[in-house]
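In this note's numbering, the protein residues as written are 14 to 271. All residues carry an ideal CB built from backbone N, CA and C; glycine is no exception. All of these numbers come straight from a predicted model, not from anything done at the bench.
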(Lines of atoms letter the chains of each structure in order from A and count residues from 1; the text may use other names and numbers.)
(Lines give C-alpha, C1' and ligand atoms only; values in the text may rest on other atoms or scores of the structure.)
Protein backbone atom coordinates (compact mmCIF):
# COMPACT_ATOMS: atom_id res chain seq x y z
CA UNK A 1 0.00 0.00 0.00
CA UNK A 2 1.30 3.45 -0.96
CA UNK A 3 2.10 5.72 1.96
CA UNK A 4 -0.18 8.74 2.16
CA UNK A 5 -0.46 11.67 4.52
CA UNK A 6 -4.12 12.18 3.63
CA UNK A 7 -6.72 11.50 6.29
CA UNK A 8 -9.13 8.74 5.31
CA UNK A 9 -12.84 9.58 5.59
CA UNK A 10 -15.72 7.15 5.22
CA UNK A 11 -18.73 9.26 4.26
CA UNK A 12 -22.15 7.67 4.66
CA UNK A 13 -24.94 9.25 2.61
CA UNK A 14 -28.48 8.08 3.33
CA UNK A 15 -31.54 8.13 1.12
CA UNK A 16 -33.07 11.16 2.81
CA UNK A 17 -29.94 13.18 2.12
CA UNK A 18 -29.70 12.03 -1.50
CA UNK A 19 -33.36 12.83 -2.17
CA UNK A 20 -33.38 15.98 -0.06
CA UNK A 21 -36.41 14.37 1.62
CA UNK A 22 -38.37 14.18 -1.64
CA UNK A 23 -39.28 11.18 -3.81
CA UNK A 24 -36.44 11.71 -6.28
CA UNK A 25 -32.66 11.53 -6.19
CA UNK A 26 -31.31 15.08 -6.14
CA UNK A 27 -28.63 15.73 -8.75
CA UNK A 28 -27.94 19.00 -6.95
CA UNK A 29 -27.11 17.19 -3.72
CA UNK A 30 -24.76 14.76 -5.45
CA UNK A 31 -23.13 17.74 -7.18
CA UNK A 32 -22.82 19.41 -3.75
CA UNK A 33 -21.04 16.34 -2.38
CA UNK A 34 -18.73 16.13 -5.40
CA UNK A 35 -17.84 19.82 -5.18
CA UNK A 36 -16.85 19.49 -1.53
CA UNK A 37 -14.74 16.39 -2.17
CA UNK A 38 -12.98 18.25 -4.99
CA UNK A 39 -12.11 21.05 -2.55
CA UNK A 40 -10.87 18.66 0.15
CA UNK A 41 -9.18 15.98 -1.98
CA UNK A 42 -5.61 17.20 -1.36
CA UNK A 43 -6.05 16.73 2.40
CA UNK A 44 -8.55 13.86 2.63
CA UNK A 45 -9.27 10.67 0.73
CA UNK A 46 -12.94 9.68 0.60
CA UNK A 47 -14.76 6.36 0.61
CA UNK A 48 -18.50 6.88 0.10
CA UNK A 49 -21.12 4.51 1.47
CA UNK A 50 -24.27 5.43 -0.41
CA UNK A 51 -27.91 4.45 -0.12
CA UNK A 52 -30.46 5.51 -2.71
CA UNK A 53 -30.68 2.67 -5.25
CA UNK A 54 -34.32 1.89 -4.47
CA UNK A 55 -35.23 5.58 -4.42
CA UNK A 56 -33.56 6.00 -7.81
CA UNK A 57 -35.52 3.09 -9.30
CA UNK A 58 -38.86 4.42 -8.07
CA UNK A 59 -38.35 7.46 -10.30
CA UNK A 60 -38.42 5.25 -13.39
CA UNK A 61 -40.43 2.10 -12.72
CA UNK A 62 -43.42 0.73 -10.86
CA UNK A 63 -43.02 -2.99 -10.36
CA UNK A 64 -45.98 -5.30 -9.94
CA UNK A 65 -45.57 -8.52 -7.99
CA UNK A 66 -47.55 -11.02 -6.01
CA UNK A 67 -44.41 -11.95 -4.11
CA UNK A 68 -42.97 -10.74 -0.84
CA UNK A 69 -42.18 -7.05 -0.47
CA UNK A 70 -38.49 -7.82 0.08
CA UNK A 71 -38.25 -9.29 -3.44
CA UNK A 72 -39.75 -6.13 -4.93
CA UNK A 73 -37.20 -4.04 -3.03
CA UNK A 74 -34.37 -6.26 -4.23
CA UNK A 75 -35.55 -5.93 -7.82
CA UNK A 76 -35.86 -2.15 -7.46
CA UNK A 77 -32.34 -2.00 -6.03
CA UNK A 78 -31.03 -3.92 -9.03
CA UNK A 79 -32.64 -1.44 -11.43
CA UNK A 80 -31.87 1.66 -9.41
CA UNK A 81 -28.21 0.95 -8.80
CA UNK A 82 -27.43 1.67 -12.46
CA UNK A 83 -29.28 4.98 -12.41
CA UNK A 84 -27.72 6.02 -9.10
CA UNK A 85 -24.17 5.32 -10.25
CA UNK A 86 -24.78 7.12 -13.54
CA UNK A 87 -25.82 10.25 -11.63
CA UNK A 88 -22.75 9.97 -9.42
CA UNK A 89 -20.47 9.44 -12.41
CA UNK A 90 -21.86 12.37 -14.41
CA UNK A 91 -21.61 14.84 -11.54
CA UNK A 92 -18.24 13.71 -10.23
CA UNK A 93 -16.70 13.54 -13.72
CA UNK A 94 -17.56 17.19 -14.36
CA UNK A 95 -15.23 18.05 -11.47
CA UNK A 96 -12.47 15.72 -12.60
CA UNK A 97 -13.28 13.07 -10.00
CA UNK A 98 -13.17 9.35 -10.80
CA UNK A 99 -15.51 6.87 -9.11
CA UNK A 100 -15.85 3.10 -8.79
CA UNK A 101 -18.62 0.86 -7.51
CA UNK A 102 -18.32 -1.74 -4.74
CA UNK A 103 -21.30 -3.87 -3.69
CA UNK A 104 -20.90 -5.58 -0.32
CA UNK A 105 -23.02 -7.91 1.77
CA UNK A 106 -22.98 -8.69 5.47
CA UNK A 107 -21.28 -12.04 4.87
CA UNK A 108 -18.29 -10.26 3.30
CA UNK A 109 -17.36 -8.97 6.75
CA UNK A 110 -17.46 -12.48 8.22
CA UNK A 111 -14.88 -13.98 5.87
CA UNK A 112 -11.16 -13.34 6.33
CA UNK A 113 -10.52 -13.77 2.60
CA UNK A 114 -13.34 -11.42 1.63
CA UNK A 115 -12.11 -8.77 4.06
CA UNK A 116 -8.59 -8.98 2.66
CA UNK A 117 -9.96 -8.63 -0.86
CA UNK A 118 -12.02 -5.57 0.11
CA UNK A 119 -9.02 -3.87 1.74
CA UNK A 120 -6.64 -4.62 -1.13
CA UNK A 121 -9.09 -3.54 -3.83
CA UNK A 122 -10.13 -0.30 -2.15
CA UNK A 123 -6.54 0.63 -1.30
CA UNK A 124 -5.57 0.24 -4.98
CA UNK A 125 -8.55 2.35 -6.05
CA UNK A 126 -7.58 5.12 -3.61
CA UNK A 127 -3.93 4.99 -4.64
CA UNK A 128 -5.05 5.64 -8.21
CA UNK A 129 -7.39 8.51 -7.25
CA UNK A 130 -10.64 6.58 -7.67
CA UNK A 131 -13.36 7.23 -5.10
CA UNK A 132 -15.00 3.93 -4.08
CA UNK A 133 -18.78 4.19 -3.80
CA UNK A 134 -20.02 1.33 -1.65
CA UNK A 135 -23.57 0.11 -1.36
CA UNK A 136 -25.16 -2.92 0.15
CA UNK A 137 -25.73 -5.75 -2.31
CA UNK A 138 -29.48 -5.48 -1.88
CA UNK A 139 -30.29 -8.20 -4.38
CA UNK A 140 -28.92 -10.84 -1.99
CA UNK A 141 -29.71 -9.18 1.34
CA UNK A 142 -32.88 -9.85 3.32
CA UNK A 143 -34.63 -7.92 6.07
CA UNK A 144 -32.90 -10.10 8.65
CA UNK A 145 -29.38 -9.24 7.48
CA UNK A 146 -29.74 -5.70 6.15
CA UNK A 147 -27.38 -3.09 7.53
CA UNK A 148 -29.97 -0.48 8.58
CA UNK A 149 -29.81 2.17 5.85
CA UNK A 150 -26.11 1.42 5.50
CA UNK A 151 -25.13 2.94 8.86
CA UNK A 152 -23.68 -0.36 10.05
CA UNK A 153 -22.12 -0.98 6.62
CA UNK A 154 -20.35 2.40 6.87
CA UNK A 155 -19.07 1.65 10.37
CA UNK A 156 -17.80 -1.82 9.44
CA UNK A 157 -16.15 -0.33 6.35
CA UNK A 158 -14.48 2.38 8.43
CA UNK A 159 -13.22 -0.26 10.86
CA UNK A 160 -11.96 -2.58 8.12
CA UNK A 161 -10.17 0.20 6.24
CA UNK A 162 -8.79 1.86 9.41
CA UNK A 163 -10.40 5.19 8.57
CA UNK A 164 -9.45 8.31 10.48
CA UNK A 165 -13.03 9.60 10.50
CA UNK A 166 -16.57 8.34 9.88
CA UNK A 167 -19.07 11.00 8.78
CA UNK A 168 -22.74 10.00 8.86
CA UNK A 169 -24.92 12.45 6.95
CA UNK A 170 -28.48 12.60 8.24
CA UNK A 171 -31.42 15.04 8.32
CA UNK A 172 -30.73 16.60 11.73
CA UNK A 173 -27.99 18.85 13.10
CA UNK A 174 -26.35 15.88 14.78
CA UNK A 175 -27.87 14.13 17.79
CA UNK A 176 -30.18 16.20 19.96
CA UNK A 177 -30.55 15.97 23.73
CA UNK A 178 -33.74 14.18 24.74
CA UNK A 179 -34.67 17.04 27.06
CA UNK A 180 -34.50 19.56 24.22
CA UNK A 181 -36.63 17.32 22.02
CA UNK A 182 -39.28 17.00 24.72
CA UNK A 183 -39.34 20.78 24.91
CA UNK A 184 -39.50 20.99 21.10
CA UNK A 185 -36.32 23.09 21.07
CA UNK A 186 -33.72 20.77 19.50
CA UNK A 187 -30.25 21.24 20.94
CA UNK A 188 -27.26 19.46 19.41
CA UNK A 189 -24.94 17.38 21.58
CA UNK A 190 -21.64 18.86 20.41
CA UNK A 191 -19.15 16.29 21.66
CA UNK A 192 -19.07 13.11 23.74
CA UNK A 193 -16.43 10.55 24.59
CA UNK A 194 -17.60 7.02 23.79
CA UNK A 195 -21.05 6.00 22.65
CA UNK A 196 -22.50 4.96 26.02
CA UNK A 197 -23.45 8.47 27.04
CA UNK A 198 -25.47 8.85 23.83
CA UNK A 199 -27.80 5.91 24.33
CA UNK A 200 -30.21 7.56 26.76
CA UNK A 201 -30.37 10.68 24.61
CA UNK A 202 -31.57 8.98 21.45
CA UNK A 203 -35.23 8.83 20.51
CA UNK A 204 -35.94 5.92 18.18
CA UNK A 205 -37.57 6.77 14.88
CA UNK A 206 -37.10 5.95 11.22
CA UNK A 207 -36.80 8.42 8.36
CA UNK A 208 -39.27 8.50 5.49
CA UNK A 209 -37.00 6.94 2.85
CA UNK A 210 -34.31 5.19 4.86
CA UNK A 211 -34.48 1.95 6.78
CA UNK A 212 -32.47 3.26 9.70
CA UNK A 213 -33.07 5.83 12.38
CA UNK A 214 -31.01 7.44 15.10
CA UNK A 215 -30.77 4.06 16.88
CA UNK A 216 -28.98 2.55 13.88
CA UNK A 217 -26.59 5.50 13.94
CA UNK A 218 -25.78 4.88 17.59
CA UNK A 219 -25.12 1.21 16.75
CA UNK A 220 -22.75 2.39 14.01
CA UNK A 221 -21.05 4.75 16.46
CA UNK A 222 -20.49 1.83 18.83
CA UNK A 223 -18.66 -0.10 16.11
CA UNK A 224 -16.57 2.90 15.07
CA UNK A 225 -15.60 4.09 18.53
CA UNK A 226 -14.72 0.55 19.60
CA UNK A 227 -12.26 0.59 16.69
CA UNK A 228 -10.85 3.94 17.80
CA UNK A 229 -12.51 5.89 14.96
CA UNK A 230 -13.98 9.33 15.56
CA UNK A 231 -17.53 9.78 14.23
CA UNK A 232 -19.42 12.90 13.18
CA UNK A 233 -23.22 13.04 12.81
CA UNK A 234 -23.85 15.91 10.37
CA UNK A 235 -26.89 17.42 8.65
CA UNK A 236 -26.40 16.33 5.05
CA UNK A 237 -29.38 18.36 3.81
CA UNK A 238 -27.35 21.54 4.21
CA UNK A 239 -25.14 22.81 1.40
CA UNK A 240 -21.40 22.39 2.00
CA UNK A 241 -22.06 20.22 5.05
CA UNK A 242 -18.70 18.44 4.83
CA UNK A 243 -16.48 21.49 4.38
CA UNK A 244 -18.48 23.46 6.94
CA UNK A 245 -18.15 20.63 9.46
CA UNK A 246 -14.40 20.38 8.79
CA UNK A 247 -14.10 24.11 9.54
CA UNK A 248 -16.55 23.88 12.47
CA UNK A 249 -19.00 26.33 10.91
CA UNK A 250 -22.17 24.32 11.59
CA UNK A 251 -23.59 22.43 14.58
CA UNK A 252 -22.96 18.66 14.52
CA UNK A 253 -22.19 15.87 16.98
CA UNK A 254 -18.68 14.54 17.43
CA UNK A 255 -18.26 11.16 19.14
CA UNK A 256 -14.67 10.41 20.09
CA UNK A 257 -13.37 7.03 21.12
CA UNK A 258 -12.17 6.58 24.67
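DSSP bridge partner residues for residue 145 (one or two, in chain order): 113
Taking the C-alpha atoms as reference points, what is the distance between residue 70 and residue 85? 11 Å
Output needed for residue 99: all residues of its chain with C-beta closer than 7 Å, excluding positions within five of it in sequence on either side, in chain order. none
State the CB to CB distance for the pair residue 163 and residue 25, rounded to an integer number of angstroms; the pair is presumed to be in contact (CB under 8 Å). 6 Å
Can you tell me which of 167, 145 and 180 puts its alpha carbon nearest to the alpha carbon of residue 5? Residue coverage of the chain in this structure runs from 14 to 271, which leaves residue 5 outside it and unanswerable.
Is residue 200 near residue 193, with beta carbons less than 8 Å apart? yes
Among 90, 245 and 260, which one has its Cα closest to the Cα of residue 171? 245
Rounded to a whole number of angstroms, what is the C-alpha to C-alpha distance between residue 229 and residue 202? 17 Å
Counting only runs of 3+ residues fully inside the segment 27 to 95, write out the beta strand (DSSP E) ranges in chain order. 57 to 63
Using a threshold of 7 Å, is the CB atom of residue 190 nearer than that to any non-hydrogen atom of the ligand FAD? You won't find the ligand FAD in this model; it holds no ligand whatsoever.
Can you tell me whether residue 203 is helix, strand or coil according to DSSP? coil
Could you give the distance in angstroms between the alpha-carbon of residue 31 and the alpha-carbon of residue 250? 8 Å
Bridge-paired residues (DSSP) for residue 247: 182
I need the straight-line Cα distance from residue 45 to residue 252, nearest angstrom please. 7 Å
What does residue 21 pair with, by DSSP beta-bridge criteria? 58
Just how far apart, CA to CA, sit residue 178 and residue 121? 22 Å
Beta-carbon gap between residue 180 and residue 255 smaller than 8 Å: yes
What does DSSP give as the partner residues of residue 11 in its beta bridges? With the chain covering only 14 through 271, there is no way to say anything about residue 11.
Buried or exposed for residue 105, going by 16 or more other Cβ atoms inside 10 Å? buried
Closest by C-alpha distance to residue 142, when choosing among 176, 50 and 82: 50
Compute the Euclidean distance between the alpha carbons of residue 247 and residue 268, then round it to the nearest angstrom. 11 Å
From what residue to what residue does the alpha helix (DSSP H) around residue 136 run? 125 to 140
What do you reckon, are the CB atoms on residue 118 and residue 149 nearer than 8 Å? yes
Residues that DSSP places opposite residue 189 in a beta bridge: 201
Where does residue 237 sit, in a helix, a strand or coil, going by DSSP? helix
Closest by C-alpha distance to residue 147, when choosing among 175, 116, 21 and 137: 116
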